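There are 2 protein chains.
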Amino acid sequence: MKKHNFNAGPSILADEVIENAAKAVLDFNGSGLSVLSISHRSKEFDAVMEEADRLFRELLAIPDNYRIVYLGGGASTLFYEVAANFLGRKAGYVNTGVWSKKAIKEAKRYGEVEVVASSEDRNFTYIPKGFAVPADLDYLHITSNNTIYGTEYHEDISSPVPLIADMSSDILSRPVDVSKYAMIYGGAQKNLAPAGVAFAIIREDMLDRIVRDLPTMVSFRTHVENNSMFNTPPVFPIYVLMETLRWLKSIGGVGEIFRRNREKAALLYDEIDRNPLFRGTVEKEDRSLMNICFVMADGYEELAPEFMEAAKARGIVGIKGHRLVGGFRASCYNALPAESVRVLVECMQEFAAKHAK
Amino acid sequence: MKKHNFNAGPSILADEVIENAAKAVLDFNGSGLSVLSISHRSKEFDAVMEEADRLFRELLAIPDNYRIVYLGGGASTLFYEVAANFLGRKAGYVNTGVWSKKAIKEAKRYGEVEVVASSEDRNFTYIPKGFAVPADLDYLHITSNNTIYGTEYHEDISSPVPLIADMSSDILSRPVDVSKYAMIYGGAQKNLAPAGVAFAIIREDMLDRIVRDLPTMVSFRTHVENNSMFNTPPVFPIYVLMETLRWLKSIGGVGEIFRRNREKAALLYDEIDRNPLFRGTVEKEDRSLMNICFVMADGYEELAPEFMEAAKARGIVGIKGHRLVGGFRASCYNALPAESVRVLVECMQEFAAKHAK
């Protein structure tokens, strides 16, 4: 049976990316070698790195004064590395959920953390807005999309201090004004690649703001100056990332994927709002296009296991909500086809026809 | 043309590992999902982690009081992490080349480093022996195999203080008495997996010797207590590692691979010693089974580029020596077939027949 992969991450990649990856595992570009067995110093991999850089810049309109690096590990490692590099005295963090809190926890070892805004008062069901950002902060950190709670910033905020965003789960899902950010980073295992590589887009002047002497691998300067090749980078995850960028370009780039993402999300949120058995958990204006959270409506709570079974019977995978929210979470990343959303919507409609009181 | 892959790393993996990996990229165990798109919290990946753990323990005879963890990044990250976790006052390092020096450099930020032995006096062409290890060290660190210089410890040394070994490039190539080590770690991109995952085998009592409060991702306790699942681990590299362990077991385990490795190395070293055009660069007793370094003999230096061409014409890949040694380096990792070594030996013989004075 065809599977509809709503996994929150690692998550769905485009079919042609998967097919090309499988071919490259057997023989990379007719080299007679597996992409798993080529040297990271080979001309074949140089070409991958160059193409990834070029496509990433083109797709996200990244200005020339930014550098893209690829790192082993994921966003969890970057939580402390961001602070180790840039937090000298005090940094500001917006607390929009679990991932923000983790970033805050790691940052506190390096200096003072001011939580300039938080949505914890209502279980992170909205994105704080209109908050003041003190001008004396080393940087302001936000989590642009919150996978667990299903909230997302829908515009690039302005900040009087360097703005650093964890975009692990919505990178390349919508156009971004990169020039508003000093650094954008994330784990790549949602919209970009399989698990095993993180990315960072760093404005060059930030390298002069590194506030302390650091272990070689922790300093962003190391990775920028060595083009992510100070040590052996995660070759295969980076190769798949490049294939994903190729795919994204081939379908029309970020403008087109944003259109598709809005269309998919509208399809599902409309059903959540219309269907008497379900309700959304997030303020409408802050609803994530990537992670769509919903629960059984009041009076229907006990039907949740049966709905999970009904979804499973249709090949729907990965919609169990995070334990902190409960219910369901349909992650609709870039590569998820609209058809998968339609199958889920049909499943909800059929379920309502059977059970609505 | 069939390629003979002597790359120093990332390096050759067994054919059946490559084939299974390609299949799993398309459809993992009939799940209808790519191994690149499964959740790290899925039962499918739990099974991978469990099998990897079981096989690693069985193949290397790892005692029950050791824990195996998988980490993003590679050995370069572990250089500072080892010291951050365990270097309180003073640690001992044996300096056997570039990788040892990098480990020493990172360690110095955390405390005093005593270089208890070094082979730098003769360009790292041997392994120091019979050195005294002070009893007051937090630990003693060695690099068990030196990829660049082609030297290797052929027995497990005894240490009065916790012994920590970087075994990036010879893990599972020979039997090891794990009980002599407090920790064995390395990047996995030689004998175990594609690039993108590091491993650490840690004796449990070492967790009580962590000397400082650390960022969550830096503390080995985090990864041990969370079974390498505190954050999203590099799923695909770990899966391929598990396939490699399966393959190693299927051919007879570490005893058999050690026999094959000695046989391959003997074939090539014998040719180096016999052939008038080439000479080895390392003390015979310390020659690595994994990375076989040789240069043109005196008087034949100018033939090096021609030999590289002759080798290339036979499909031989990756034998250019590191710039610090020059000449050639044939990396003969576990998965390299004896046939590839025979092709290289034939090439050397033919070259000598053509050029010997």
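Residue numbers (the numbering used here), protein chains in the order written: chain A, 29 to 385; chain B, 29 to 385.
Built from N, CA and C at the ideal position, the CB exists for glycine as well.
Everything numeric in this text was worked out from a predicted model, so none of it was measured.
How would you write the range of the alpha helix (DSSP H) that S359 (chain A) sits in, first residue to last?
Counting along the chain, S359 (chain A) falls outside any alpha helix (DSSP H), though it belongs to the beta strand (DSSP E) covering 356-359.
Pull up the distance between the alpha-carbon of L235 (chain A) and that of I155 (chain A), whole angstroms please.
Each residue's Cα considered, the two are about 30 Å apart.
Roughly how many angstroms lie between the CA atoms of H32 (chain A) and H182 (chain A), to the nearest whole one?
26 Å
Mind checking if T260 (chain A) is an interface residue toward chain B, Cβ cutoff 7 Å exclusive?
At least one chain B Cβ lies under 7 Å of T260 (chain A).
Counting only Cβ pairs nearer than 7 Å, list the residues of chain B close to T105 (chain A).
Correct list: G100, M245.
Apply the 10 Å Cβ neighbour rule to L41 (chain A) and answer buried if 16 or more other Cβ atoms are within range, or exposed otherwise.
By the 10 Å Cβ count, L41 (chain A) comes out buried.
Spatial neighbours of D166 (chain B) within its chain, please: C-beta separation below 8 Å, excluding the five flanking residues on both sides.
F114, L115, G116, R117, K118, A119, G139, V189, P190, R237, V239
Looking only at its chain, what residues have a beta carbon closer than 7 Å to the beta carbon of V353 (chain A), apart from the 5 residues adjacent to it on each side?
I176, Y177, T309, C321
Could you compute how far the alpha carbon of D74 (chain A) sits from the alpha carbon of A80 (chain A)?
Roughly 10 Å separates the two Cα atoms.
Mind checking if N48 (chain A) is an interface residue toward chain B, Cβ cutoff 7 Å exclusive?
no
With DSSP collapsed to three states, give me the class of D198 (chain B).
coil
So, helix, strand or coil for G215 (chain B), using DSSP?
It is a strand residue.
Please give me, in chain order, every unbroken run of the alpha helix (DSSP H) with length at least 4 that falls completely inside the region 125-173 of chain B.
Listed in chain order, they are 126-135.
Between the alpha carbons of R202 (chain B) and F286 (chain B), how many angstroms are there, rounded?
5 Å
Could you tell me the boundaries of the beta strand (DSSP E) in which V323 (chain B) lies?
319-324
Would I170 (chain A) pass as a contact of A135 (chain A) if the rule is Cβ separation under 7 Å?
no
Express the C-alpha separation of F227 (chain B) and S187 (chain B) in angstroms, rounding to a whole number.
22 Å
Restricting to Cα atoms, I'd like to know which of B:G125, B:G102, B:D55 is closest to H350 (chain B).
B:G125
Within 10 angstroms of the Cβ of N254 (chain B), are there 16 or more other Cβ atoms? Answer buried if so, exposed if not.
Exposed, since its Cβ has fewer than 16 Cβ neighbours within 10 Å.
E134 (chain B) versus chain A: which residues are under 7 Å apart at the beta carbon?
Listed along chain A are P243, T244, each with a C-beta nearer than 7 Å to that of E134 (chain B).
Please name the residue in B:A384, B:T250, B:G355 whose C-alpha comes closest to that of I96 (chain B).
With distances taken between Cα atoms, I96 (chain B) lies closest to B:T250.
Check the Cβ-Cβ distances between S62 (chain A) and every residue of chain B, and say whether any is below 7 Å.
S62 (chain A) counts as touching chain B.
Just verifying my parser: in three-state terms, what is the DSSP assignment at K348 (chain B)?
Strand.
Excluding five sequence neighbours on each side, which residues of the same chain lie with their C-beta closer than 8 Å to the C-beta of N93 (chain B)?
R231, E232, D233
Using 8 Å as the cut-off, can you tell me whether the region 102-110 of chain B makes contact with the region 294-304 of chain B, which would need three or more C-beta pairs spanning the two stretches below that distance?
no
With a threshold of 7 Å between beta carbons, is N362 (chain B) in contact with chain A?
no
Taking V373 (chain A) as the reference, give the member of A:I300, A:I199, A:P365, A:M318 with the closest Cα.
A:I300
For G215 (chain A), which option in A:V252, A:D205, A:I266, A:V206 has the closest C-alpha, if you only look at C-alpha atoms?
A:I266
Please report the straight-line C-alpha distance between N174 (chain A) and L64 (chain B), rounded to a whole angstrom.
22 Å
Mind checking if V53 (chain A) is an interface residue toward chain B, Cβ cutoff 7 Å exclusive?
V53 (chain A) counts as touching chain B.
For F264 (chain B), which residues in chain A fall below 8 Å Cβ to Cβ?
P222, A223, G224, F264, P265
I need the straight-line Cα distance from L331 (chain B) to A338 (chain B), nearest angstrom please.
11 Å
Any chance you could list the alpha helix (DSSP H) runs of at least 4 consecutive residues sitting entirely within the region 233-313 of chain A, in chain order?
248-253, 263-278, 281-302
Using only the alpha-carbon positions, how far apart do E72 (chain B) and A363 (chain B) sit?
26 Å
Contact check, S359 (chain A) vs S39 (chain A) under 8 Å by CB: the rounded distance?
6 Å
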